[in-house]
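Asks: Protein chains in written order, with the numbering used here: chain A, 375 to 863; chain B, 364 to 848.
All residues carry an ideal CB built from backbone N, CA and C; glycine is no exception.
Quick caveat, the model's predicted, so the values are computed rather than measured.
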């Protein structure tokens, strides 16, 4: 029993000493070195603890400074985030505007056979801008878009309505100037304003991106081009079927698309296209496109002149190897069928078109103008033509490698090719049924070479060989050599 | 007994050791109370190689890097700001108005004025660039592409062309005079004329406006707004009746005009911006050109429409021998939330040369009421004494959601009525046409968003001509879709 008591006391005494020591160590000034008062020498543990304390204080001081700096950084990041959000909100409350434009410069040289020159007159060589456009486009609040594009390569005509009005001088023409409503249920999209009527595949393409410098004779002759109207368009959920339908003011001058008349009778134009096959795994590199379009158009009982040059914009009035029409057209209808097949770098496009002219009572008999064309294009450098899956038409070629030719640091010349495309087109147009002016028909062969320096810059070389026929007699041959340099932004 | 002692000694030793061990452990732990967590971790792992290197070496270098990057970004932003201040800013703007108008005339009206033709197409298509330079100068270049090229007298339309709209440069923040503007811009006359057309309640301005208000001319104007007094004054001299196709005059006589306008806003609701009482008065003295044989000024108006052709000018008045004329106008506008009332009256005093014909006064007045069914309010611009862009509470959208249901935003809907009256009976030229007319216009505006608007206007005009009396009525149904940017 005594032994237990002794042991108990011994344990307590050891415990008390240990506590007293630890209490003293706690009170020690961390700045002072050496053993605390009352102790002669520190144990290893004590020295370690002291060392740790000093490290802790130094660390705390360092941390306080770093934390302050981090806090400053955090405040700055928060501030710039707030500014970014405010700017975004401000931008969302405004209309976005992006500028666009294009410059197309052309040269054309004509060579005519003697028969051709005798029949049609001398076709003049030409050079100059084919199109100079400036435009602005954007969106307001996601669901409304607009485009405003003017061509400064136009003419000012007198106020006589119809195609016979006289050219007074150079001026501007309206191109795409419209307001668009998107994401609408049922009809999808709605455009109000001035834009290309949805007739024919090549018309929707436009000269900026098509395979040749100019579209076919039938496109010149009767494709409605731009008019003022309202159009709805949409595509199915798979983006395989595309439809467009609109009512338009017929034959408005592009210099000022405005009609002042008791008769605001419109043209009705509609197009439907379907991708019978589309290789989803390689976008736009494999597809089979079929399309059809129709337009009913008021002739206002006026004379209506259908005319076309051999796939060129130059040559003067002598170059109109097709010059026919109807002197008192009540109305006319346009029909079109489209076929396109893209397989890798190859593109085959073909269209057949007809215009049925319905004369006013007692006028010339009903007549049908017919046209078709087929064209092949192959990109030697392996690219393909983009395909727009909003409205179903072809777009531009994006080169795999943009063109450059530079001297590097070693003095060597490094070259990249850009894209190279070769193309051929056969184009045929027959207006012999129409009974006014001349019974013209013509066929043209066009060979083309397109060099895409970048997606927005290309050079085109076209050679057209035209075989016209007037009133049942051969009109000889006309050859047109053309070069274009174009850029857009 | 011996065995007992051995047991006790071992037991005591074991207990003593265990207590001493716990006391040492306590002594080790105690000074670390309050130390940073990382230090605790550090010393817990002390057994495996003790390290006292400051833990933030890596952290500090990262923080330093961030600070340097931030400083660089700040310097670049400052440099950009400095560079931007050193050259003019340029923002692109524009607008597209597409219109349709249908006319119905009473038989008598058709006989007297001729057939007014329906119209469709662009009413306006403009592109503009505006900006500021060096903080105190500003500029604007605005071209209208729905224009016409006229003969040298400005009467016969030759073909389509462009028109100059706002093409000016300005200097702001000047002492005493406030702001100066030089170039081609709207003369400070008439409240209805001041806002851009997309901010006007109706599709077209009043007959009073077409008949008498000078609109844009080439000139110099001083103007300032005194916020504490809520007073705006504008005064300028202009070359009178300059054609918009090319604002330039080659003539010994430059045909000057002096125009001034004073606006007072006795009440303005600062809290909501949705309440204002606007009072204004304007005066202009205008000299006629002295070219013999050319009618210096034709005052004419269509019944609140731009279409209809020449037959639609139901008011045509003027003087072939005008020396000068004066116009004076009074303005009143009151906005109270979605409700708005606006009214103006203008008189034009025609003063013939050499006392040839008696002086004549042409008078015009209108009032209009409008109400936003969706709760928005007209946006009054205090500094210009004019109206601006309406803020739409909920923009229009109509989309099919993923769950196939259709969601719709209403946009803003505004109903409006206007009565407009002009009297040119006193004017004696052209002699056969001393006319007056009154119109009632009902308007419905649908603001899809602040930049897009569909408008429906129906105008009923009653016309009168001296010697005939009533010349019947014209009804016009008009529609517009507009976007501006």
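#1: Three or more C-beta pairs under 8 angstroms: does that hold for the segment 853-860 of chain A against the segment 476-496 of chain A?
#2: I'd like to know whether the C-beta of residue 761(B) is nearer than 7 angstroms to at least one C-beta of chain A.
#3: Between the segment 808-822 of chain B and the segment 556-567 of chain B, do three or more beta carbon pairs fall short of 8 angstroms?
#4: Quick one: does residue 457(B) have its CB under 7 angstroms from some CB of chain A?
#5: Within 7 angstroms (strictly less), CB to CB, does residue 523(B) reach chain A?
#6: Please confirm if the segment 543-555 of chain B is in contact with the segment 574-585 of chain B, defined as three or more CB-CB distances below 8 angstroms between the two stretches.
#7: Note down, in chain order, every chain A residue with its Cβ under 7 angstroms from the Cβ of residue 438(B).
#8: Taking contact to mean 3 or more Cβ pairs, one atom from each stretch, closer than 8 angstroms, check whether the segment 758-765 of chain B and the segment 609-621 of chain B are in contact.
#9: Report the option in 629(A), 605(A), 769(A) and 748(A) whose CA atom is closest to the CA atom of residue 758(A).
#10: When the Cβ atoms of the segment 428-446 of chain B are set against those of the segment 441-460 of chain A, are three or more pairs found closer than 8 angstroms?
#11: So residue 511(A) and residue 860(A) are supposed to be a Cβ contact under 8 angstroms. How far apart are they, rounded?
#12: Counting only beta-carbon atoms, is residue 777(A) nearer than 7 angstroms to chain B?
#13: What residues are listed by DSSP as bridge partners for residue 818(A)?
#14: In chain order, what residues of the segment 507-529 of chain A put their CB closer than 7 angstroms to some CB of chain B?
#15: Measure the C-alpha to C-alpha separation of residue 465(B) and residue 634(A) and round it to an integer number of angstroms.
#16: Do residue 728(B) and residue 708(B) have their C-beta atoms closer together than 7 angstroms?
#17: Compute the beta-carbon to beta-carbon distance between residue 468(B) and residue 835(B), rounded to the nearest angstrom, for a pair I have assumed lies under 8 angstroms.
#18: Taking any Cβ of chain B, which residues in the segment 467-481 of chain A have a Cβ under 7 angstroms from it, in chain order?
#19: Flag this pair as touching only if the segment 603-614 of chain A and the segment 555-569 of chain A have three or more C-beta atom pairs under 8 angstroms; answer yes or no.
#20: Would you mind stating whether residue 824(A) and residue 832(A) have Cβ atoms separated by less than 7 angstroms?
#21: Should residue 728(A) be counted as a contact of the ligand GTP given a C-beta to heavy atom distance under 6 angstroms?
#22: Can you give me the C-alpha to C-alpha distance between residue 586(B) and residue 532(B), rounded to a whole angstrom?
#23: Which residues in the same chain have their Cβ closer than 8 angstroms to the Cβ of residue 518(A), if we skip the five residues on either side of it in sequence?
#24: According to a CB-to-CB cut-off of less than 7 angstroms, which residues of the segment 544-577 of chain B neighbour chain A?
#25: By Cβ distance below 7 angstroms, which residues in the same chain neighbour residue 814(B) in space, the five residues on each side in sequence not counted?
#26: As an exercise, report each continuous beta strand (DSSP E) stretch of at least 3 residues that is fully enclosed by the segment 756-798 of chain B, in chain order.
#27: Run through the segment 458-517 of chain B for me and flag every whole alpha helix (DSSP H) of 4 or more residues, listed as ranges in chain order.
#28: Specify whether the segment 432-444 of chain B and the segment 634-643 of chain B touch according to this definition: at least 3 beta carbon pairs, one from each stretch, less than 8 angstroms apart.
#29: Among the residues of its own chain, which have a CB less than 6 angstroms from the CB of residue 835(A), if the five just before and after it don't count?
#30: Select from 513(A), 457(A), 437(A) and 522(A) the residue whose C-alpha is nearest the C-alpha of residue 457(B).
#31: Please classify residue 427(B): does DSSP put it in a helix, a strand, or coil?
#32: Residue 502(A): which of 513(A), 475(A), 528(A) and 493(A) sits nearest, CA to CA?
#33: Spell out whether any CB of chain A is found under 7 angstroms from the CB atom of residue 677(B).
#34: Any beta-carbon of chain A closer than 7 angstroms to the one on residue 423(B)?
#35: What is the DSSP secondary structure of residue 419(A), reduced to helix, strand or coil?
#36: Apart from the five residues just before and just after residue 463(B), which ones in its own chain have a Cβ nearer than 6 angstroms to its Cβ?
Replies: Inspection of the coordinates gives the following:
#1: yes
#2: yes
#3: yes
#4: yes
#5: yes
#6: yes
#7: In chain order: nothing, as chain A lies at least about 14 angstroms away.
#8: no
#9: 769(A)
#10: yes
#11: The Cβ separation is near 19 angstroms, so there is no contact.
#12: no
#13: 801(A) and 840(A)
#14: 510, 512, 514, 515, 517, 518, 520, 522 and 524
#15: 10 angstroms
#16: yes
#17: 7 angstroms
#18: 469, 471 and 473
#19: yes
#20: yes
#21: Within the structure as shown, the ligand GTP is missing, as the structure has no ligands at all.
#22: 14 angstroms
#23: 553, 554, 555 and 556
#24: none
#25: 846, 847 and 848
#26: 760-763, 769-772 and 775-786
#27: 470-476
#28: no
#29: 823 and 857
#30: 522(A)
#31: helix
#32: 528(A)
#33: no
#34: yes
#35: helix
#36: 483 and 842
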